[in-house]
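Enquirer: Sharing a structure, written as structure tokens. Questions coming.
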Amino acid sequence: TVGAVAIDKDGNLAAATTTGGMTAKAAGRVGDSPLIGAATYAENGVCAVSATGHGEYFIRVGVAKTICDRVKLAGETIEQASETALGEVAELGGDGGVIVIGADGTFAFVFNSEGMYRGVVDPSGARTAIY
Amino acid sequence: MPEWRLVIHGGAGVITRDGMSPEMEAAYTAALETALEAGADVLRSGGSALDAVEAAVIPMEDDPLFNAGYGAVMTASQEHELDASIMDGRERNAGAVAGVKRVRNPVKAARAVMERSEHVMFSGDGADTFAEGQGLDMVDNSYFYTERRQNALERVLKNRQRTAEDRHG
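The listed protein sequences derive, respectively, from chains V and L.
Each residue of the first sequence is one higher than the last, beginning at 1 in the numbering used here.
Each residue of the second sequence is one higher than the last, beginning at 1001 in the numbering used here.
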């Protein structure tokens, strides 16, 4: 799975995610699909999220929308909201990660797997990480 | 607050230093930097966040290192079925495709659904047909094939057991 979230100079947020799904998945199964609200979500003034991991757990938790709603309604930081949502995924037996950008441009990489290919770029430069 | 910012991921899972050679790590780092630069180029020139996320995802779809587009994993029936979604925070407009087999860049199909249809999601043959009708680049399903993913499929089918990496979408 790959994904991106961004904030532009006007403060607009966007998110995108693409995946090939799980190896040897049954034909027609859409369990790994980055459904809007599960793995992809963006709302100006709140946050933008793209997720990767055990797709069906992310669908059951509604991870991306959960994160944005916790930021919007509970006033949590994007890190707090992401950790809570991924905690629910872990409780069900899944793992994975999210990338998030908040309305103020702050960002977070949150994952409960051993690693996540990830990177960030802004006018100050680009950084990447794997582990 | 930064003037603009882009954040990307190329998947998560069991990624250990023991299991990755320096050459492989360098290849992944270079691929991530390519994707970052594609999106940054949009934002640096005043483009929209929506254009930036699409621009960043496309090179990862085209890179066999990642499980998206060229180099994606195989289904049990030895095909590739791809999924993508995109969302614009301005109006909470969204588009998605599931189970496409012929559109080269699924994120473009998702954006076409968002911007050129009245709907949010298309799946299967209908999604491919819609993408083709929108003039997107179409390929044979074999375009997505790589030996690495064929070997992974054969291992899973033989052992009847997936590793953590196999389970990740």
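Note that CB positions come from ideal geometry on N, CA and C, so glycine has one too.
Comparing alpha-carbon positions, which option in V:V71, V:T18, V:D10 and V:E88 lies nearest L:M1087?
Expert: In the second sequence, counting from the first residue as 1, residue 1087 of chain L sits at position 87. Of V:V71, V:T18, V:D10 and V:E88, the residue nearest in Cα terms is V:T18.
Enquirer: With DSSP collapsed to three states, give me the class of V:Y41.
Expert: Here residue 41 of chain V refers to the residue found at position 41 of the first sequence. If DSSP states are grouped into helix, strand and coil, V:Y41 belongs with the strands.
Enquirer: Taking the beta strand (DSSP E) that V:A108 belongs to, which residues open and close that run?
Expert: Here residue 108 of chain V is taken as the residue at index 108 of the first sequence, counted from 1. Note, V:A108: beta strand (DSSP E), F107 to F111.
Enquirer: Determine the direct distance from the alpha carbon of L:T1146 to that of L:R1155, and round the result to whole angstroms.
Expert: In the second sequence, the residue the question calls residue 1155 of chain L occupies position 155. In the second sequence, the residue the question calls residue 1146 of chain L occupies position 146. The alpha-carbon atoms of L:R1155 and L:T1146 are separated by roughly 14 Å.
Enquirer: Quick one: is V:R60 near chain L, going by C-beta distance under 8 Å?
Expert: As a position in the first sequence, residue 60 of chain V is number 60, starting the count at 1. With 8 Å as the cut-off, V:R60 does not count as an interface residue toward chain L.
Enquirer: Which residues mark the beginning and the end of the beta strand (DSSP E) in which L:G1126 is found?
Expert: Taking the second sequence and counting its residues from 1, the one referred to as residue 1126 of chain L is at position 126. Counting along the chain, L:G1126 falls outside any beta strand (DSSP E), though it belongs to the alpha helix (DSSP H) covering G1124 to G1133.
Enquirer: Since V:R127 is in the beta strand (DSSP E), which residue starts that stretch and which ends it?
Expert: Your numbering for residue 127 of chain V matches position 127 in the first sequence. Where V:R127 is concerned, the enclosing beta strand (DSSP E) stretches over G125 to A129.
Enquirer: So which residues of chain V does L:N1067 contact, with C-beta pairs closer than 7 Å?
Expert: Within the second sequence, the letter at position 67 stands for residue 1067 of chain L. By Cβ distance, chain V contributes T1, T19 and G20.
Enquirer: Name the residue from V:R127, V:A14 and V:Y117 whose alpha carbon lies nearest to the alpha carbon of L:V1107.
Expert: The count along the second sequence starts at 1 and reaches residue 1107 of chain L at position 107. Among V:R127, V:A14 and V:Y117, the Cα nearest to that of L:V1107 is on V:A14.
Enquirer: What is the residue span of the alpha helix (DSSP H) that L:P1099 lies within?
Expert: Translated into the one-based positions of the second sequence, residue 1099 of chain L becomes position 99. The question names Pro, yet the displayed sequence has Gly at residue 1099 of chain L. Careful: L:G1099 lies outside any alpha helix (DSSP H), inside the beta strand (DSSP E) at N1093 to V1100.
Enquirer: Any C-beta of chain V sitting closer than 8 Å to the C-beta of L:E1081?
Expert: As a position in the second sequence, residue 1081 of chain L is number 81, starting the count at 1. For L:E1081, the answer is yes, since a Cβ of chain V falls inside 8 Å of its Cβ.
Enquirer: State yes or no: is the beta carbon of L:E1025 nearer than 8 Å to at least one beta carbon in chain V?
Expert: Stepping through the second sequence from its first residue, residue 1025 of chain L is reached at position 25. True, the Cβ-Cβ gap to chain V drops below 8 Å.
Enquirer: Using C-beta distances below 8 Å, list every residue in its chain close to V:A38, excluding the 5 sequence neighbours before and after it, in chain order.
Expert: Position 38 of the first sequence, counted from the first residue, corresponds to residue 38 of chain V. Excluding sequence neighbours, V:A38 sits near A51, G55, F58, I59, V61, G62, V63, A64 and K65.
Enquirer: Among all the DSSP beta bridges, which residues are the ones paired with L:L1082?
Expert: As a position in the second sequence, residue 1082 of chain L is number 82, starting the count at 1. Bridge partners of L:L1082: L:V1100.
Enquirer: For L:R1090, does the three-state DSSP call read helix, strand or coil?
Expert: As a working note, residue 1090 of chain L is residue 90 in the second sequence. In the structure shown, L:R1090 sits in coil (DSSP, three-state: anything other than H, G, I, E or B).
Enquirer: For V:T106 versus V:R118, is the C-beta spacing smaller than 8 Å?
Expert: Start at 1 with the first residue of the first sequence, and residue 106 of chain V comes out as number 106. Start at 1 with the first residue of the first sequence, and residue 118 of chain V comes out as number 118. It is not a contact, given that the beta carbons lie outside the stated cut-off.
Enquirer: Hey, does V:T77 have any beta-carbon neighbour from chain L nearer than 8 Å?
Expert: Taking the first sequence and counting its residues from 1, one reaches residue 77 of chain V at position 77. With 8 Å as the cut-off, V:T77 does not count as an interface residue toward chain L.
Enquirer: Using the C-alpha atoms, what's the distance from L:G1124 back to V:G28?
Expert: Numbered from its first residue, the first sequence carries residue 28 of chain V at position 28. Numbered from its first residue, the second sequence carries residue 1124 of chain L at position 124. Between V:G28 and L:G1124, the C-alpha separation is close to 8 Å.
Enquirer: In terms of residues, what are the limits of the alpha helix (DSSP H) holding V:Y57?
Expert: Translated into the one-based positions of the first sequence, residue 57 of chain V becomes position 57. First-last of the alpha helix (DSSP H) with V:Y57: G55 to V61.
Enquirer: With a CB to CB cut of under 8 Å and the five nearest residues on each side skipped, what residues in its chain are close to L:E1079?
Expert: Against the second sequence, residue 1079 of chain L aligns to sequence position 79. Contacts found: K1101 and N1141.
Enquirer: Mind checking L:N1105: buried by the 16 CB within 10 Å criterion, or exposed?
Expert: Locating residue 1105 of chain L in the second sequence gives position 105, where the first residue counts as 1. Buried is the call here.
Enquirer: Looking at the strands, I want to know which residues DSSP matches up with L:R967.
Expert: This structure cannot speak to residue 967 of chain L, because chain L is shown only from 1001 to 1169.
Enquirer: Is L:R1160 helix, strand or coil by DSSP?
Expert: Within the second sequence, the letter at position 160 stands for residue 1160 of chain L. Of the three classes helix, strand and coil, the one that applies to L:R1160 here is coil, per DSSP.
Enquirer: Under the rule that 16 or more other beta-carbon atoms within 10 Å means buried, what is L:N1151, buried or exposed?
Expert: In the second sequence, counting from the first residue as 1, residue 1151 of chain L sits at position 151. When all chains shown are included, L:N1151 counts as exposed.
Enquirer: Please state whether the Cβ-Cβ distance between L:G1011 and V:T1 is less than 8 Å.
Expert: Walking along the second sequence from the start, residue 1011 of chain L turns up at place 11. Walking along the first sequence from the start, residue 1 of chain V turns up at place 1. Against a cut-off of 8 Å, the Cβ pair of V:T1 and L:G1011 comes out as a contact.
Enquirer: Go ahead and pull the three-state DSSP assignment for L:V1014.
Expert: Along the second sequence, one-based indexing puts residue 1014 of chain L at 14. In this structure, L:V1014 counts as coil in the three-state DSSP scheme.
Enquirer: Would L:E1023 be called buried (16 or more neighbouring beta carbons within 10 Å of its own) or exposed?
Expert: By one-based count along the second sequence, residue 1023 of chain L stands at place 23. Looking at its Cβ environment, which holds fewer than 16 other Cβ atoms inside 10 Å, L:E1023 is exposed.
Enquirer: Of the choices L:I1058, L:E1091 and L:R1149, whose alpha-carbon is the least far from that of V:M22?
Expert: Position 22 of the first sequence holds residue 22 of chain V. V:M22 has its Cα closest to that of L:R1149, out of L:I1058, L:E1091 and L:R1149.
Enquirer: Below 8 Å on the Cβ atoms is my guess for L:G1047 versus V:D8; work out the distance and round it to an integer in Å.
Expert: Within the second sequence, residue 1047 of chain L is the residue found at index 47, counting from 1. Within the first sequence, residue 8 of chain V is the residue found at index 8, counting from 1. With a Cβ gap of about 7 Å, L:G1047 and V:D8 count as contacting.
Enquirer: Under the assumption that L:A1109 contacts L:A1072 (Cβ atoms under 8 Å), give the Cβ distance between them as a whole number of angstroms.
Expert: Counting from 1 along the second sequence, the entry for residue 1109 of chain L is found at position 109. Counting from 1 along the second sequence, the entry for residue 1072 of chain L is found at position 72. Not a contact, Cβ separation roughly 14 Å.
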